[in-house]
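Here the structure is laid out as structure tokens; the discussion comes afterwards.
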Amino acid sequence: MTTLILALFTAAMLGVILFGKKHEVLIASIINAVLLVGLVTAFSLNAGPNSMFYLALVFYFVIPMYGVIALFGAMKKNRAKKENSLA
1 MTTLILALFT AAMLGVILFG KKHEVLIASI INAVLLVGLV TAFSLNAGPN SMFYLALVFY
61 FVIPMYGVIA LFGAMKKNRA KKENSLA
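Structure, rendered in structure tokens:
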């Protein structure tokens with residue numbers, strides 16, 4: 001179930017980033033924040049060794065996804081800047 005939710009959130013974030021026209025970085029950041037809150041809640045509710053799975057997902061997926069979102073934001077910003085220039 002967690003893998004399915006993770007795949008859906010990833011598809012939503014990438015879809016918003018790639019095909020979004022306005023505020024795509026903000027929307028993807030909000031989706032990632034919701035995923036982060038859900039995984040942290042699951043980590044806190046499942047005390048024991050099984051909870052480390054959720055913590056690993058946070059460190060290996062959610063936190064690096066913020067870097068990917070920032071990278072796409074910078075790429076789109078540069079592209080918009082180049083389109084507005086005369087050269």
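Under UniProt numbering, the residues of the sequence shown are numbered 1 to 87, in order.
A virtual CB, placed ideally from N, CA and C, is assigned to each residue, including glycine.
Can you give the beta carbon distance from residue i to residue j, rounded, assuming they're within the 8 Å contact cut?
{"i": "Gly38", "j": "Ile27", "result": "Between Ile27 and Gly38 the Cβ distance is about 17 Å, and since that is not below 8 Å, they are no contact."}
{"i": "Phe61", "j": "Ile17", "result": "Wrong, their Cβ atoms sit about 15 Å apart, outside the cutoff."}
{"i": "Met13", "j": "Asn32", "result": "6 Å"}
{"i": "Leu57", "j": "Leu4", "result": "Wrong, their Cβ atoms sit about 13 Å apart, outside the cutoff."}
In whole angstroms, give me the CA-to-CA distance for residue i and residue j.
{"i": "Gly15", "j": "Asn50", "result": "31 Å"}
{"i": "Ile30", "j": "Asn78", "result": "22 Å"}
{"i": "Phe9", "j": "Val34", "result": "9 Å"}
Leaving aside the five residues before and after residue i along the sequence, list all residues of the same chain whose C-beta is less than 6 Å from its C-beta, in chain order.
{"i": "Phe43", "result": "Ser51, Tyr54, Leu55"}
Does residue i pass the burial test, meaning 16 or more other C-beta atoms within 10 Å, or should it be called exposed?
{"i": "Ile69", "result": "buried"}
{"i": "Met65", "result": "buried"}
Can you name, in chain order, every residue of its own chain whose Cβ lies under 8 Å from the Cβ of residue i, other than the five neighbours on each side?
{"i": "Asn46", "result": "Tyr54"}
{"i": "Val40", "result": "Tyr54, Val58"}
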